[in-house]
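Step one of this worksheet: look at the structure below.
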Amino acid sequence: MAGFRQLGPVQGDIAMVAHPSITLLVDLSEGSGIVRDSDGGRAHGSSVAGLAPGELRLGGRYAGAVECLQIRLPPPLAVAVLGATADLDGAVVPLEDVWGRDAERTEDRLRAAATWDERFAIAADALGRRLDARRSPDPEVVAAWELILAGRGRVGVDSLADEVGWSRKRLWSRFRSQLGLAPKHAARLVRFDHAARLLAAGHPAARVAASTGYADQPHLHREVRAFTGMTPTALAAAPWLAIDDVAWPAPPADPPGRDGRGRRPARPRQPRP
Numbered sequence: 001m002a003g004f005r006q007l008g009p010v011q012g013d014i015a016m017v018a019h020p021s022i023t024l025l026v027d028l029s030e031g032s033g034i035v036r037d038s039d040g041g042r043a044h045g046s047s048v049a050g051l052a053p054g055e056l057r058l059g060g061r062y063a064g065a066v067e068c069l070q071i072r073l074p075p076p077l078a079v080a081v082l083g084a085t086a087d088l089d090g091a092v093v094p095l096e097d098v099w100g101r102d103a104e105r106t107e108d109r110l111r112a113a114a115t116w117d118e119r120f121a122i123a124a125d126a127l128g129r130r131l132d133a134r135r136s137p138d139p140e141v142v143a144a145w146e147l148i149l150a151g152r153g154r155v156g157v158d159s160l161a162d163e164v165g166w167s168r169k170r171l172w173s174r175f176r177s178q179l180g181l182a183p184k185h186a187a188r189l190v191r192f193d194h195a196a197r198l199l200a201a202g203h204p205a206a207r208v209a210a211s212t213g214y215a216d217q218p219h220l221h222r223e224v225r226a227f228t229g230m231t232p233t234a235l236a237a238a239p240w241l242a243i244d245d246v247a248w249p250a251p252p253a254d255p256p257g258r259d260g261r262g263r264r265p266a267r268p269r270q271p272r273p
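Heads up: the sequence shown begins at 1 in full-length UniProt numbering, then just goes up one per residue.
And the structure:
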């Protein structure tokens with residue numbers, strides 16, 4: 001979780017960077033609040049962004065205090081909490097569409113809380129009460145997802161199928177239907193996320209490409225374009241990556257140098273006010 005407050009007028013938009021999680025953006029602002037623009041459609045209020053969403057920008061032009069709570073849910077957990085992950089691949093929908101009638105009441109409780117710590121506690125309690133183990137993905141699907149994360153996306157579908165004891169076809173079908181994207185696409189997304197964080201830490205694109213398993217720098221460039229529409233240079237400065245550094249203050253270590261040793265991790269950057 002991460003909380004954000006903007007006290008002055010806001011101008012311009014911030015593009016969301018694809019992330020291997022389901023993202024809840026809970027708008028706690030007074031008045032019109034946050035404007036989201038997804039695939040050409042503009043709307044106000046809280047939203048849920050699926051895995052690797054299409055064009056999603058937050059911002060607009062408005063005055064007054066703007067507050068937002070960001071919650072990241074790993075896909076297996078999102079299934080158990082929201083029950084609709086498979087329908088969210090590449091989609092951005094209003095929070096109430098997946099949260100139900102309780103969404104507005106939860107927003108009101110969060111808005112009335114005096115501190116961010118109280119808000120985090122309220123959100124954690126609300127998520128916990130929605131947790132339903134009966135909606136959880138198959139253990140094999142969860143295991144495959146964990147293997148993809150552990151390998152930072154550098155794992156083949158055949159290897160995943162062997163590890164969980166399923167055929168390739170069965171793994172593809174169950175994984176896709178339960179988590180919302182195919183195993184190969186999930187691996188691409190996880191590898192992209194690792195590369196994005198290294199780029200944000202200031203490492204050259206060529207070195208990042210080599211250390212994260214891309215064939216060459218143009219291959220990395222194509223993947224960054226596919227997931228974000230940006231160049232690696234623009235991605236490295238994307239404000240959303242700074243937001244995630246604050247939400248999870250443990251940036252990846254430097255890629256190994258020629259001597260095989262990694263350097264001390266860079267300090268997290270602070271988000272723009």
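We put the CB at the ideal spot given by N, CA and C, even for glycine.
Whose CA, out of 171, 232, 116, 132, lies closest to the CA of residue 196?
232
Residues of its chain near residue 27, where Cβ-Cβ distance is below 7 Å and the 5 sequence neighbours each way are ignored:
33, 34, 45, 46, 68
Check whether the Cβ atoms of residue 15 and residue 172 lie closer than 8 Å to each other.
no
Quick check on residue 177: buried or exposed, where buried means 16 or more other Cβ atoms within 10 Å of its Cβ?
exposed
Counting beta carbon pairs with one atom in the segment 182-191 and one in the segment 145-154, are three or more of them shorter than 8 Å?
yes
Have a look at residue 128 and residue 3 and give me their C-alpha separation to the nearest angstrom.
19 Å
Could you compute how far the alpha carbon of residue 23 sits from the alpha carbon of residue 243?
13 Å
Could you tell me the distance, in whole angstroms, from the CA atom of residue 207 to the CA atom of residue 74?
28 Å
Spell out the partners DSSP gives residue 217 in its beta bridges.
According to DSSP, residue 217 bridges with nothing at all.
For residue 155, which three-state DSSP category applies?
coil
Classify residue 275 as buried or exposed, calling it buried when 16 or more other Cβ atoms lie within 10 Å of its own Cβ.
The requested residue 275 is not part of the displayed model; the chain covers only 1 to 273.
Can you list, in chain order, the residues of its chain whose CB lies under 8 Å from that of residue 148, leaving out five sequence neighbours each side?
155, 160, 183, 186, 187, 190
Does DSSP put residue 44 in a helix, a strand or coil?
strand
Taking the alpha carbon of residue 194 as the reference point, which residue from 213, 180, 181 has its own alpha carbon closest?
213
Under a three-way DSSP split, which group does residue 23 fall into?
strand
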